[in-house]
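Numbering (our numbering), first residue to last: 10 to 386. Each residue gets a CB set at the ideal place from its N, CA and C atoms; glycine is no exception. Predicted model, so just to flag it, every value in this text is computed and none were measured. Written below as structure tokens is the structure these notes are about.
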């Protein structure tokens, strides 16, 4: 899962993409050493930071101090928190600010925040002057294990999540495990939904490890958190290196997302259902669909649901506050997913835990039955 970095207690995971390869550094205290990590990448000693208001209050000055130690100055724009920021208005504000800061093509944009800020800042960097380099400093578990790695950037449309975007790889990712201590419990657990996904899609042993260690990890054990982040990042890095633009294998990383994105759209991308919670629910539904189709053991969906329940994550659609629309409406939202090919929905299904595969052969009546049963549960 990577080799030890020269900095104490820091591991370096390489995302091997030829000339666009980069490192993901995982460890504690990376924010205060950000200047040391970033300085070799800069053409001049300045960065433009895009962040959000809650994260800025907690971590922006620590980042400023970490950069100043290497003589790097920074300017910063703090955007409102929440998924609603990841839209056209947020993108326009970010890009116009970067232009006003005279960010040049050879400069560096730094994304300090969770998945919303990472996606938005990465897309702003991608379209500014036809492409400016950027660094990801993910502050949430979800961003550290998923959205900060792999170069997917973008914003939401009212018609669906992440429908506008670009592949734009970062130049570096700094995953500081210590920053996770400042997360509200619900936000941390939402990120855990993405961690579980890695075990479910391709590593049954990792899922078993999570069943044993998940409660202590959620309770704050930094060593276990570091192990989970390193392993998740290493799995994603290997897949991205083999399939950068999701022509095949990378689509497995969407396990739970076709269902999950529809649930997010149905709840208005609000705090009624966080992204990682939606992914967890989506994984349960994907395994229920796989079992209904006779593709995986009947006990597998229950095992997935039981693990989410043990961590305090939602595992039934009835747990979503405010209710959900009917099965037909949810299926209609799924049909807007960006993974639809030639009008056919692609699903990530499973032969068992750790054995995911892609399928377009899902009968509509079976999908509807699974949805209706889940809505009644």
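Work out the CA separation of residue j and residue i for me, nearest whole Å.
{"i": "residue 60", "j": "residue 306", "result": "44 angstroms"}
{"i": "residue 253", "j": "residue 205", "result": "22 angstroms"}
{"i": "residue 23", "j": "residue 153", "result": "14 angstroms"}
{"i": "residue 79", "j": "residue 38", "result": "15 angstroms"}
{"i": "residue 367", "j": "residue 261", "result": "7 angstroms"}
{"i": "residue 27", "j": "residue 177", "result": "14 angstroms"}
{"i": "residue 58", "j": "residue 373", "result": "46 angstroms"}
{"i": "residue 406", "j": "residue 117", "result": "Past the edges of the chain, shown from 10 to 386, lies residue 406, and the structure says nothing about it."}
{"i": "residue 259", "j": "residue 131", "result": "19 angstroms"}
{"i": "residue 180", "j": "residue 94", "result": "24 angstroms"}
{"i": "residue 316", "j": "residue 110", "result": "47 angstroms"}
{"i": "residue 243", "j": "residue 35", "result": "11 angstroms"}
{"i": "residue 354", "j": "residue 369", "result": "6 angstroms"}
{"i": "residue 328", "j": "residue 30", "result": "41 angstroms"}
{"i": "residue 75", "j": "residue 121", "result": "13 angstroms"}
{"i": "residue 257", "j": "residue 276", "result": "30 angstroms"}
{"i": "residue 201", "j": "residue 55", "result": "34 angstroms"}
{"i": "residue 360", "j": "residue 65", "result": "43 angstroms"}
{"i": "residue 285", "j": "residue 326", "result": "14 angstroms"}
{"i": "residue 73", "j": "residue 146", "result": "13 angstroms"}
{"i": "residue 271", "j": "residue 195", "result": "21 angstroms"}
{"i": "residue 319", "j": "residue 229", "result": "16 angstroms"}
{"i": "residue 385", "j": "residue 91", "result": "29 angstroms"}
{"i": "residue 125", "j": "residue 279", "result": "13 angstroms"}
{"i": "residue 249", "j": "residue 170", "result": "21 angstroms"}
{"i": "residue 324", "j": "residue 108", "result": "44 angstroms"}
{"i": "residue 32", "j": "residue 21", "result": "6 angstroms"}
{"i": "residue 207", "j": "residue 155", "result": "10 angstroms"}
{"i": "residue 238", "j": "residue 225", "result": "14 angstroms"}
{"i": "residue 339", "j": "residue 63", "result": "32 angstroms"}
{"i": "residue 375", "j": "residue 342", "result": "17 angstroms"}
{"i": "residue 389", "j": "residue 77", "result": "The chain is shown only over 10 to 386; residue 389 falls outside these bounds and no answer can be derived."}
{"i": "residue 246", "j": "residue 25", "result": "8 angstroms"}
{"i": "residue 19", "j": "residue 219", "result": "22 angstroms"}
{"i": "residue 344", "j": "residue 267", "result": "9 angstroms"}
{"i": "residue 190", "j": "residue 119", "result": "21 angstroms"}
{"i": "residue 10", "j": "residue 172", "result": "Unreliable placement is indicated for residue 10, whose pLDDT of 40 sits below 50; the coordinate value is still reported in the next sentence. Rounded to whole angstroms, residue 10 to residue 172 spans 32 angstroms at the Cα level."}
Which class does residue i belong to by DSSP, given the choice of helix, strand or coil?
{"i": "residue 180", "result": "coil"}
{"i": "residue 249", "result": "helix"}
{"i": "residue 147", "result": "strand"}
{"i": "residue 172", "result": "strand"}
{"i": "residue 279", "result": "coil"}
Is the distance from the Cβ of residue i to the Cβ of residue j below 8 angstroms?
{"i": "residue 174", "j": "residue 160", "result": "no"}
{"i": "residue 129", "j": "residue 192", "result": "no"}
{"i": "residue 298", "j": "residue 357", "result": "no"}
{"i": "residue 141", "j": "residue 112", "result": "yes"}
{"i": "residue 148", "j": "residue 187", "result": "no"}
{"i": "residue 223", "j": "residue 363", "result": "no"}
{"i": "residue 157", "j": "residue 127", "result": "yes"}
{"i": "residue 273", "j": "residue 295", "result": "no"}
{"i": "residue 365", "j": "residue 183", "result": "no"}
{"i": "residue 269", "j": "residue 291", "result": "yes"}
{"i": "residue 321", "j": "residue 198", "result": "yes"}
{"i": "residue 300", "j": "residue 314", "result": "no"}
{"i": "residue 393", "j": "residue 69", "result": "Past the edges of the chain, shown from 10 to 386, lies residue 393, and the structure says nothing about it."}
{"i": "residue 42", "j": "residue 71", "result": "no"}
{"i": "residue 96", "j": "residue 88", "result": "no"}
Contact between the stretch 163–172 and the stretch 211–222 (3+ Cβ pairs under 8 angstroms): no
Segment contact flag, the stretch 130–145 with the stretch 97–104, C-beta cutoff 8 angstroms, min 3 pairs: yes
Do three or more CB pairs link the stretch 319–338 to the stretch 372–382 at distances below 8 angstroms? yes
Which residue spans inside the stretch 175–222 form an unbroken alpha helix (DSSP H) run of at least 4? 194–211
Three CB pairs or more closer than 8 angstroms across the stretch 77–93 and the stretch 38–55: yes
Which runs of the alpha helix (DSSP H), 4 residues or longer, sit entirely within the stretch 18–93? 43–47, 70–77
Which runs of the alpha helix (DSSP H) at least 4 residues long sit entirely within the stretch 320–368? Give them in chain order. 336–343
Runs of 4 residues minimum, wholly inside the stretch 111–164: which ones carry the alpha helix (DSSP H) assignment? 124–136
Three or more C-beta pairs closer than 8 angstroms, one from the stretch 229–238 and one from the stretch 263–278: is that the case here? no
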